[in-house]
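See structure below.
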Amino acid sequence: MLLKTKLPDSKEKRTAFYATALFAVHPVHTEAVSGIVGRAELLCAVFMWISIICYYYSIYARRLLYRWLSMFTCIIFIAIAMLCKETGITAVGICCVYDIIIVNKIFPYNIISFIVSKPSYEQVKTFIKQKQKLLIRLFILFTSGLILIILRFSIMGFKAPIFQPVDNPASFMPNIFLRMLNYSYIYCLNIWLLICPEWLCFDWSMGCVPLINSNDKRIIFVLLFWLILSAMFIYSFNSYQDKFLRCLIMGLTMLVIPFLPASNIFFNVGFVLAERTLYIPSAGYCLLLIIGLQKLCNHIPMQYLLLAYITLISLFFVKSWIRSDQWRTETTLFQSALNVCPLNAKVHYNIAKNAADAGNSTLAQYEYQEALRLNPTYAQAMNNLGNLLKDQEKYLEAEILFKRAIELQEDFSTAWMNLGIVLSALKRYEESEESYLTALTHRNKYPDCLYNLGVLYLEQKDYDKALKAWDSAIKQRKTHRRAWTNMILLLDDLGMREDALKIANQALQYLPNDASIYFNIANILGKVGNFVEAEIYFKNAISRNPKDAMFYTNLGVLYHRWNKFDEAENMYKRALEIKPKLNSANENLRKLYSLKSSIK
């Protein structure tokens, strides 16, 4: 914490120390530390603190060169912090308040008194002369901040990001009063997560926080929030003898200013509530809490307050430990979210997706259905549920879901492709082709769709179009294994073995460790009687995938034709060790025994 080393007063240093310890164990930080997305918050915070330290040196450096160099470095680090996360630009505001309150000891009361007294021109001139260095620094900060904001918006094309209503429902409310009321309630939830971080969730969208539309008991919490916050600001502006006033103002500054980019005041954000955005503001909260405890020293014995502080630190540490453990796996993370936000359709969607990846299709189907019950317009859930039904060969039910997803999101290319797969399975080839082509119009680079289009043409025995489609898929993704494999197999089936070998060798340039390509080359070489090379490729395939029984079986066939009966027998037996009920290996082994007995 910056205040720990930069405040001269020993009491203020103790305040900063206790606040730093509390900040270190606060559970609300878990998302920023554990989640990949949170890395932006951590980097932004690091560069913000460095920029503030550089600003400190620009104030107190003895040499003029060091002062300007420190100021320049401060601006650079603010820019880097902003590039990590938009919140970084708020370091400008923190530096300004730090300079005014901590360094120059100009309190809000002094500013108000000066304005109310209607100073004369000479008094204003004297003030400017006395605070010339301060005003220069503030001017540099303000100008630099404005330039950085313009540069940031230029990168965005001077357009705000576009979000869906499910991302931040309050921002799409037509009634301004209700919109502000819901924003205020979200502020209450953010403060509550800082005070009592019991309910922590990786996602707060899609019904996790129901909107306030009319008379609602939650309005009481909104009024209480604004009442307490207003009281703190009024106290800051009216008091000038409080020994903790400097820390109090800095605490409010670090709590409020870094939160402004996530407040929906200047532009709408793409989330309802995100714990990672509280990483930097929590420093201000920790400072305010410690100030509150220290002010109670006049009324409550110190040992009791110290015991309360140690208890709080211990509880936060345990909660952080538990929450960090929940972030270890997707299963525990999603389950913990379900306990906090059972009405969040995205949580059910993620649980379903995780279950599907683990092979638990029953749970996946149930959770996708629950996600759709909570949010009937959840196109991604429809698409994924449709995929499950497609795999179960429930094509008509899957078709309905894919078409509904497309109605909700016309440019949903994945749903168009999946619809094409279902229509192909239903032998409705013309409609299937149209779906694939529509998917490609919405996503130009879509190798998987081109591969499936090739499969469709293969089923229609339009081999030229199939080869062209797979060739296009390979051009878009050189490592598309299935497209390479299908091209090799089709050319082999068409008797174009030289072309097949040529394509296979090209595939090995991009997939040098793909066992199936070595296997296909070996099969082609074996068909043309090139047993020596075929054996080499079979062994290459086996070395890369020693658990595939078909590799041993086909190598056994090669030895069988090559009259190497002992080697063939060994390969058939090894295949049966891996897969005892493999019919081809059993049948070939029986034929081999019959042939060997007839020779004897």
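Throughout the sequence shown, residue numbering follows the working numbering, covering -10 to 589 in sequence.
Just so you know, even glycine gets a beta-carbon here, dropped at the ideal spot from N, CA and C.
Please classify Gln292 as buried or exposed, where buried requires at least 16 other C-beta atoms within 10 Å of its C-beta.
Within the sequence shown, numbered from 1, the residue matching residue 292 stands at position 303. That one is exposed.
Between which residues of its own chain and Ser325 is the CB-CB distance below 7 Å, once the five residues before and five after are set aside?
In the sequence shown, residue 325 corresponds to position 336, counting from 1. If we look at Ser325 and ignore the five residues flanking it on each side, its Cβ neighbours are Gln315.
For Asn512, which residues from the same chain have a beta carbon less than 8 Å from its beta carbon, with the 5 sequence-adjacent residues on both sides left out?
The residue you call residue 512 lines up with position 523 of the sequence shown. Cβ neighbours of Asn512 beyond the five flanking positions: Asp481, Ala523 and Asn543.
Are the Cβ atoms of Ala590 and Ala530 separated by less than 8 Å?
There is no way to answer for residue 590, as the model of the chain reaches only from -10 to 589.
Tyr45 CB to nearest heavy atom of the ligand SAM below 7 Å
Annotation note on the ligand SAM: not contained in the displayed structure, which lists no ligands.
Would you check if the distance between the CB atom of Ala394 and the CB atom of Asn372 is smaller than 8 Å?
Translated into the one-based positions of the sequence shown, residue 394 becomes position 405. Translated into the one-based positions of the sequence shown, residue 372 becomes position 383. Cβ atoms of Ala394 and Asn372: closer than 8 Å.
Around the Cβ of Leu170, are there at least 16 other Cβ atoms within 10 angstroms (buried) or fewer (exposed)?
As a working note, residue 170 is residue 181 in the sequence shown. Answer is buried; the Cβ neighbour count reaches 16.
Please state whether the Cβ-Cβ distance between Cys275 and Phe6 is less than 8 Å.
For the purposes of this step, residue 275 is identified with residue 286 of the sequence shown, where counting begins at 1. For the purposes of this step, residue 6 is identified with residue 17 of the sequence shown, where counting begins at 1. Contact flag unset, no.
Between the Cα of Cys85 and those of Ile48, Lys118 and Ile101, spot the shortest distance and give me the residue it belongs to.
In the sequence shown, counting from the first residue as 1, residue 85 sits at position 96. Ranking Ile48, Lys118 and Ile101 by Cα distance to Cys85 puts Ile48 first.
For Ile101, report the span of its alpha helix (DSSP H) as first-last.
Here residue 101 refers to the residue found at position 112 when the sequence shown is read from its first residue. Pro97 to Val105 is the extent of the alpha helix (DSSP H) around Ile101.
Should Ser225 and Leu216 be called a contact, given that it needs their Cβ atoms to be closer than 8 Å?
As a first step, residue 225 must be located in the sequence shown, where it is residue number 236. As a first step, residue 216 must be located in the sequence shown, where it is residue number 227. Taking 8 Å as the Cβ cut-off, Ser225 and Leu216 do not qualify as a contacting pair.
In the structure shown, what three-state DSSP assignment does Gly409 receive?
Walking along the sequence shown from the start, residue 409 turns up at place 420. If DSSP states are grouped into helix, strand and coil, Gly409 belongs with the helices.
I believe Ala462 touches Tyr446 by the beta-carbon criterion, under 8 Å. Please report the beta-carbon distance rounded to the nearest angstrom.
Along the sequence shown, read from residue 1 onward, the residue named residue 462 stands at position 473. Along the sequence shown, read from residue 1 onward, the residue named residue 446 stands at position 457. Actually they are not in contact, since the Cβ atoms of Ala462 and Tyr446 sit about 12 Å apart, beyond 8 Å.
Can you tell me which of the three DSSP states Asn364 falls into?
By one-based count along the sequence shown, residue 364 stands at place 375. In this structure, Asn364 counts as coil in the three-state DSSP scheme.
Ser587, buried or exposed, once every other Cβ within 10 Å from all chains shown has been counted against 16:
Within the sequence shown, numbered from 1, the residue matching residue 587 stands at position 598. Ser587 comes out exposed.
Tell me which residue opens and which closes the alpha helix (DSSP H) that Phe131 is part of.
Your numbering for residue 131 matches position 142 in the sequence shown. Segment Gln121 to Ile144, the alpha helix (DSSP H) holding Phe131.
Let me know the secondary structure DSSP gives Asp481 once reduced to three states.
Against the sequence shown, residue 481 aligns to sequence position 492. The answer is helix: DSSP assigns Asp481 an H, G or I state.
Supposed contact pair Leu167 and Ile601 - C-beta distance, whole angstroms, cut 8 Å
The structure shown does not extend to residue 601, since the chain is modelled only from -10 through 589, so no value can be given for it.
Counting only runs of 4+ residues fully inside the stretch 205 to 287, write out the alpha helix (DSSP H) ranges in chain order.
207 to 227, 234 to 245 and 270 to 284
Under 6 Å Cβ to Cβ from Arg28, same chain only, skipping five residues before and after it: list those, please.
Here residue 28 refers to the residue found at position 39 of the sequence shown. The answer is none, since no qualifying residue turns up.
Where does Met60 fall in DSSP's three states?
Translated into positions along the sequence shown, residue 60 becomes position 71. Met60 falls in the helix class under three-state DSSP.
Are the CB atoms of Tyr357 and Tyr338 nearer to each other than 8 Å?
Taking the first residue of the sequence shown as position 1, residue 357 is located at position 368. Taking the first residue of the sequence shown as position 1, residue 338 is located at position 349. A contact, by the Cβ cut-off of 8 Å.
Rounding to the nearest angstrom, what Cα-Cα distance links Tyr548 and Ala496 in this structure?
In the sequence shown, residue 548 corresponds to position 559, counting from 1. In the sequence shown, residue 496 corresponds to position 507, counting from 1. The straight-line gap from Cα to Cα measures roughly 26 Å.
If we ignore side chains and look at the alpha-carbon of each, how far apart do Leu483 and Lys454 end up?
On the sequence shown, position 494 is the one that residue 483 refers to. On the sequence shown, position 465 is the one that residue 454 refers to. If I take the Cα positions, the gap works out to 14 Å.
When we look at the beta-carbon of Ile144 and count the other beta-carbons within 10 Å, is it buried (16 or more) or exposed?
As a first step, residue 144 is located in the sequence shown; it is residue number 155 there, counting from the start. Exposed is the call here.
When you compare the stretch 149 to 159 with the stretch 204 to 223, are there three or more beta-carbon pairs, one atom per stretch, that lie closer than 8 Å?
no
How far does the alpha helix (DSSP H) with Ile25 in it reach, from first residue to last?
In the sequence shown, residue 25 corresponds to position 36, counting from 1. Here Ile25 belongs to no alpha helix (DSSP H), and DSSP marks it neither H nor E.
Go ahead and pull the three-state DSSP assignment for Arg470.
Indexing the sequence shown from 1 puts residue 470 at position 481. Helix.
Is the stretch 81 to 96 touching the stretch 240 to 251 in the sense that three or more CB pairs, one from each, lie closer than 8 Å?
yes
List the endpoints of the continuous alpha helix (DSSP H) containing Pro436.
Position 447 of the sequence shown, counted from the start, is the residue given in the question as residue 436. Element bounds for Pro436: Pro436 to Glu448.
Once you ignore the five residues that flank Ile101 on each side, which residues in its own chain have a CB closer than 7 Å to its CB?
Position 112 of the sequence shown, counted from the first residue, corresponds to residue 101. These residues qualify, in order along the chain: Phe226.
Using DSSP with H/G/I as helix, E/B as strand and the rest coil, what is Gln495?
Taking the sequence shown and counting its residues from 1, the one referred to as residue 495 is at position 506. The answer is helix: DSSP assigns Gln495 an H, G or I state.
Within the same chain, show all residues whose beta-carbon is closer than 8 Å to that of Leu278, passing over the 5 residues directly before and after it, in chain order.
Your numbering for residue 278 matches position 289 in the sequence shown. Cβ within range, chain order: Ala8 and Leu11.
Taking the alpha-carbon of Val258 as reference, which of Trp193, Ile289, Pro270 and Asp205 has the nearest alpha-carbon?
In the sequence shown, residue 258 corresponds to position 269, counting from 1. The residue with the shortest Cα to Cα distance from Val258 is Trp193.
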